[in-house]
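Before any comments, here is the structure.
Protein chains: 2
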Amino acid sequence: MSDKRRITLKDIARELGISVSTASRALNSYSGISADTIKLVKDYAEKHHYVPNSIAVNFRKNKTQTIGMIVPELVHPFFSAVISGAISRANAAGYRLLISQTDEKAKNEILACQSMIGGNVDGLLISIANETTNIDHIQEFLDEGKPVIQFDKFSELLDTPKVITDDFESAYSAVKHLIDQGYRKIAHINGLMAVQNSIDRFKGYKKALEDHGLEYREEWVPHCKSISEGEGLEFAKQLMNLPQRPDAIFCITDLVALGVMNYLKSAGIKVPEQVGVMGFSNWKISEVMCPSLSTVDQHGFKIGAKSAEILLNLLKENSQGNHETYKIETDLIIRESTLK
Amino acid sequence: MSDKRRITLKDIARELGISVSTASRALNSYSGISADTIKLVKDYAEKHHYVPNSIAVNFRKNKTQTIGMIVPELVHPFFSAVISGAISRANAAGYRLLISQTDEKAKNEILACQSMIGGNVDGLLISIANETTNIDHIQEFLDEGKPVIQFDKFSELLDTPKVITDDFESAYSAVKHLIDQGYRKIAHINGLMAVQNSIDRFKGYKKALEDHGLEYREEWVPHCKSISEGEGLEFAKQLMNLPQRPDAIFCITDLVALGVMNYLKSAGIKVPEQVGVMGFSNWKISEVMCPSLSTVDQHGFKIGAKSAEILLNLLKENSQGNHETYKIETDLIIRESTLK
DNA sequence: TTGAAAGCGGTACCAT
DNA sequence: ATGGTACCGCTTTCAA
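Protein chains in written order, with UniProt numbering: chain A, 1 to 340; chain B, 1 to 340.
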């Protein structure tokens, strides 16, 4: 294996009988350098395949042209889409993307942040883990003067720009659609109320019920801990066995809706005739389910691209930005599961 | 924006009244340092959240503890799983992962490689784009003495270790299962024969037919260009309208199988009774389809983890490894679409 | 066991 | 227009 050392500025300077600073300035075409010298140095550099050692440059400038990105889960259609959007935007601007995942564990998030700080990323894109309450490890970036953008799942404790789904509006219009379809006893399988998305979707759900004079019952709003297919199935069973049985279920996620659909199928309950089902996220599975699942498209790619864009702008301005919240609009996707 | 500089070794040394070298040695637990000093320094470091500036370390050691990873597509259940496996393995070893995607375009792959080289990654994990024929941009890593691992889609022109699905065996056993179920006229919607995976799956398919004395017809093996749902639908239509109509279809991917199923459903052809359908990859959609789709689980996570592991070992040995091929075994997942 | 200092490869400031 | 040099933060050799 060749371990041929790369040629350095010093080598160039020595060979050409000039100083290192002159060589550096020539290569970067600074003003105040004679055209002759520039040509001399550039020709020599090219001929000998000089490649600047970017570690040294980074070290000196304390910049890496690298952005850190931390998500709870990578194998997840929504987050993959977000990452994809961020990579596209960042790469287009000549930035690299360092990616890590937390599996929703605070411990992993801390490790990831340390690793990112250690990697001297110029800025951070993060969607915080469900488990995270203390946010010192993220605050550290801000303390170092590095911009941070929170997307999707965020903490109010961090003063950073945020890019999020418009959960309230999305939930409202999803539930309104159920009402328009004639459903009257609408349940909502929600997430934990410690997570802002869950809170906002719940608020949208409740407001829609209120605005249309429909009954709200606490027993119709169970809370998932892990947002899993299994929980969807269990809660559907629970809801269907209530004395006051709902005639529609608005699920926090398509995966939960899948569990719900599976239970309803096994119990011989007809969707959408007897019970309407609405998901959230528009994963590919929602299109494939039988009956196909009505849901809300979250535009993950756009969320990622927008987050990266904001970060890149802050990097350019050398600022940490304001604390604005950018809400990315959603699309209601109507399919069979809610069309009575 | 506070710009309080991160605390450095020098700060620690000054505060504790020791020298920088002692502080460094204490933090790295060198032998020849008193336990007291080690404790003193480590406690101080922890208390003040000292994080070594890895650019400086990297600079010094000419290593970045960062691995580059390039995939064709990020929003893809298989590749997400591979990435996830690689991240887990790499992070556990204290390595960071720089990720880029090519959208199957050679041009993007070249850009991604340049960016990775500029980022001074220590090694590269890559699944090459369908479009890629010239591999100079990847060879460059090898020329610089950096190890490269190819996974899933590779080029024989590159002398590197490879981690791949055992496509031949997987295809063979998938087709054998169809035969065992009584299907006799088995079609195969394949990918482009320029891609090794397609070639191997085709070989496995053909060998299974031969071993069981079944007829092979070229018209039964159409080739997808983009491996899409739409192509699956089109080819299914084509196959079903052949005078010699197949009674089973082995698809290159679950997505293609979805298109096939949609066509069969629309044409009123019963699965699995009239036509059996087999996918490949075991995406979530295969479980959700109606009828559920038999398929082959590729263990993407394992492929990613194994690739990272091999790379990490080479990094440790400071070698570029042999040109061994590691085949990751698969699991045949039998569901409704092939159970006559 | 500890300290001093060189040096990694650049950049940029201060002289000339 | 060019050279000299300090310096970024850390590791490591040499001395004490």
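Just so you know, even glycine gets a beta-carbon here, dropped at the ideal spot from N, CA and C. Given the structure is predicted, the values throughout are model-derived calculations rather than measurements.
At a cut-off of 8 Å between C-beta atoms, residue 196 (chain B) does not count as an interface residue with respect to chain A.
By the rule that beta-carbons nearer than 8 Å mark a contact, residue 55 (chain B) touches chain A. Judged by DSSP in its simplified three-state form, residue 91 (chain A) adopts helix. Minimum Cα-Cα distance from residue 67 (chain A) among the listed residues A:321, A:119 and A:232 corresponds to A:119.
Residue 154 (chain B) and residue 269 (chain A) have their C-alpha atoms spaced approximately 49 Å apart.
Here residue 292 (chain B) has 335 and 336 as same chain residues with Cβ atoms under 6 Å from its own Cβ, once five neighbours each way along the sequence are excluded. Across the set A:135, A:59 and A:162, the C-alpha of A:59 shows the shortest separation from the C-alpha of residue 121 (chain A). A straight line joining the alpha-carbon of residue 145 (chain A) with that of residue 29 (chain B) spans about 31 Å.
Taking CB atoms only, residue 274 (chain B) has no neighbour in chain A less than 8 Å away. Taking the CA atoms as reference points, residue 54 (chain A) sits about 26 Å from residue 134 (chain B).
Below 8 Å, too few C-beta pairs join the segment 38 to 57 of chain A and the segment 293 to 313 of chain A to call them touching: fewer than three. In the DSSP assignment, residue 113 (chain A) falls within the unbroken alpha helix (DSSP H) covering 106 to 118. In the same chain as residue 33 (chain A), and ignoring 5 residues on each side of it, the C-beta atoms closer than 8 Å to its own belong to 22, 25 and 26, in chain order.
A contact between stretches requires three or more CB pairs, one per stretch, nearer than 8 Å, and the segment 274 to 292 of chain B meets this requirement with the segment 259 to 266 of chain B.
At a cut-off of 3 residues, the continuous stretches assigned as beta strand (DSSP E) that sit fully inside the segment 309 to 338 of chain B are 325 to 328 and 331 to 333.
With a minimum length of 4 residues, the unbroken runs of alpha helix (DSSP H) contained wholly in the segment 214 to 240 of chain A fall at 229 to 240. DSSP places residue 294 (chain A) within a strand segment (E or B) once states are collapsed to three. Of all C-beta pairs linking the segment 35 to 48 of chain B to the segment 80 to 96 of chain B, fewer than three are shorter than 8 Å, placing the two stretches out of contact.
In the three-state DSSP reduction, residue 48 (chain B) falls in the coil class, being neither helix nor strand. In the DSSP assignment, residue 96 (chain B) forms a beta bridge with B:66. DSSP places residue 267 (chain A) outside both helix and strand once states are collapsed to three, so it counts as coil. Proximity to residue 211 (chain A) across A:72, A:198, A:333 and A:180 peaks at A:180, based on C-alpha coordinates. When the alpha-carbon of residue 123 (chain A) is set against those of A:219, A:309 and A:295, the nearest one is in A:309. Rounded to whole angstroms, the gap between the alpha carbons of residue 117 (chain B) and residue 140 (chain B) is 9 Å. DSSP lists B:249 as the beta-bridge partner residues of residue 187 (chain B). Contact of residue 58 (chain A) with chain B is assigned, a C-beta pair being separated by under 8 Å. At a cut-off of 8 Å between beta carbons, residue 75 (chain A) contacts chain B. Counting along the chain, residue 139 (chain B) sits inside the alpha helix (DSSP H) bounded by residues 136 to 143. Taking CB atoms only, residue 81 (chain A) has a neighbour in chain B less than 8 Å away.
Three or more Cβ pairs closer than 8 Å define a contact, and the segment 102 to 113 of chain B falls short of that threshold against the segment 307 to 323 of chain B.
Counting C-beta pairs closer than 8 Å gives fewer than three between the segment 197 to 214 of chain B and the segment 228 to 247 of chain B, which falls short of the contact rule. Residues 101 of the same chain have their beta carbon placed closer than 6 Å to that of residue 74 (chain B), with the five preceding and five following residues left out of the count. Per DSSP, residue 276 (chain B) is one residue of the beta strand (DSSP E) stretching across 276 to 278.
The beta carbon of residue 238 (chain B) sits no closer than 8 Å to any beta carbon of chain A. For the set A:185, A:8 and A:149, the Cα lying nearest the Cα of residue 159 (chain A) is the one of A:149. According to DSSP, residue 125 (chain B) shares a beta bridge with B:69 and B:149.
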